[in-house]
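What follows is a set of notes on a single structure, which appears directly below.
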Amino acid sequence: MKPDFLVRELFVDLGLSKLIAAQKAEQKIAVEIKSFANPSSIADLEQALGQYLLYRAVLEEVKPDFLLYLAVRKITYQAIFSEPIGELVINKYRINLLVFESQKQEVWQWIP
Numbered sequence: 011m012k013p014d015f016l017v018r019e020l021f022v023d024l025g026l027s028k029l030i031a032a033q034k035a036e037q038k039i040a041v042e043i044k045s046f047a048n049p050s051s052i053a054d055l056e057q058a059l060g061q062y063l064l065y066r067a068v069l070e071e072v073k074p075d076f077l078l079y080l081a082v083r084k085i086t087y088q089a090i091f092s093e094p095i096g097e098l099v100i101n102k103y104r105i106n107l108l109v110f111e112s113q114k115q116e117v118w119q120w121i122p
């Protein structure tokens, strides 16, 4: 049985954030959309990573059939996630990325 606090906290937070549920092929996914709008992309990366890891831990407990993706704009991916620090974070913490083109409103790349 899952602890009630996990379910309650997850749904409260997910209701306030830009987390959406979707489906990629046969896989159920949850997508956390991040804007990286602050002047410091490293500070944004720290916050996004912390939230991603927290959401993933909770989803693994309450919705184990869902795979979590962090959604970022293509320009954000190119600015931070394609740099060595971004690649390190993606690989070390097994971050799933959904990179999208905001102007076209379409997915540019799924990682992995």
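Under the working numbering, read the sequence shown as residues 11 to 122, first letter to last. No residue lacks a Cβ here, since even glycine has one placed at the ideal position from N, Cα and C. Note that the structure is a prediction, hence the values are computed from the model and not measured.
Is residue i helix, strand or coil by DSSP?
i: F91; result: helix
i: E97; result: helix
i: K44; result: coil
Start and end of the alpha helix (DSSP H) containing residue i?
i: E56; result: S51 to V72
What is the residue span of the beta strand (DSSP E) that residue i lies within?
i: E111; result: L107 to E111
So, are the CB atoms of residue i and residue j less than 8 Å apart?
i: K44; j: L80; result: yes
i: S112; j: R83; result: yes
i: P122; j: N106; result: yes
Per DSSP, what are the beta-bridge partners of residue i in this structure?
i: Y79; result: V41
i: I121; result: L107
i: E116; result: E111
Establish whether the CB of residue i and some CB of chain D are separated by less than 8 Å.
i: S45; result: In summary, chain D is missing from the structure at hand, where a single protein chain is found.
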